[in-house]
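Everything below concerns the one structure shown next.
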Amino acid sequence: MITLYGKPLSGHVHRVRLVLSLLKLDYQFEIVSAFTPELRIMNPLAQVPILKDGNLVLTDSNAIMVYLVKQYGADSSYLPDTPSDAAHVQRWLSIAAGELRQGPAAARMVSLFHKAGEPANAIERAHALFAIMDAHLAQQPFLATAFPTLADFACYAYTARAPEGGVDLQPYPNIQSWLKRLEALPNFFPMPWADDLKKG
């Protein structure tokens with residue numbers, strides 16, 4: 006049985022939940038409100054997500070996505086085998102861990118969770134990244150290839166919920182179309198809005 010430890014509003018956790026859903030994998034979701042000694046043993050960095058599959062424990066959302074596709078989704082196109090396509094996927098995974106995290110994700114963290122940081126700088130970084138993404142998506146339907154891959158799943162949540170950090174998506178029509186294409190995938194798992202969870 007697969008167990009995923011995480012927080013519902015984490016974009017890093019969402020990308021793993023999205024892959025689990027797209028691969029139609031059953032799993033148990035354990036909400037982490039505080040890092041217990043047991044969780045710190047599983048991840049000394051005290052970060053989510055954490056995935057446990059039998060005796061295997063994995064951390065880092067991008068690493069977990071790669072594992073899930075390699076282990077359970079070999080017949081999918083989410084992690085292509087061709088060298089050029091695989092390299093393009095890796096490039097966007099790096100962007101997700103870098104520019105996306107420092108831009109829209111950081112702006113959202115400051116706005117929603119009152120984390121330390123400079124929102125103006127994060128918003129500026131977000132718009133710089135989104136301008137590049139929008140121009141790129143004018144040329145092809147998905148980020149890395151002509152079909153959806155882990156690159157798209159890694160970048161989806163923090164892009165889709167960028168408005169929660171004060172980043173307007175209206176200037177980026179190609180990004181908006183890309184989000185809709187992803188949301189139309191069979192078994193797509195939606196990223197919750199913070200206000201919806203508060204109401205619930």
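Taking our numbering, I'd label the letters of the sequence shown as residues 6 to 205.
For each residue, glycine too, the CB sits at the ideal point set by N, CA and C.
For residue i, does the count of other Cβ atoms within 10 angstroms reach 16, so buried, or fall short, so exposed?
i	result
E35	exposed
R96	exposed
T164	buried
L50	exposed
P85	buried
L61	exposed
Since residue i contacts residue j with CB under 8 Å, what's their CB separation in whole angstroms?
i	j	result
V94	A149	5 Å
S26	N192	5 Å
A121	G108	Rounded, the Cβ-Cβ distance is 16 Å, inconsistent with contact.
R20	Y161	7 Å
R113	G170	3 Å
Could you check whether the Cβ of residue i sits closer than 6 Å to any heavy atom belonging to the ligand PLP?
i	result
F193	The model on display carries no ligand, and the ligand PLP is accordingly not part of it.
Run through DSSP, which three-state label would residue i get?
i	result
Q107	helix
E123	coil
L73	helix
R166	coil
A143	coil
Y83	coil
A189	coil
N48	coil
Y161	helix
V115	helix
W97	helix
Any idea which residues DSSP pairs residue i with across the strands?
i	result
V62	K57
E35	Y10
Give the straight-line distance between the Cα atoms of residue i and residue j, rounded to the nearest whole angstrom.
i	j	result
L206	S15	Because residue 206 is not part of the residues shown, which for the chain are 6 to 205, the question remains open.
A92	R106	20 Å
L184	V53	24 Å
P146	F152	7 Å
A131	S182	18 Å
F158	A110	14 Å
K75	D200	35 Å
M138	E104	11 Å
D80	R45	34 Å
D173	I180	11 Å
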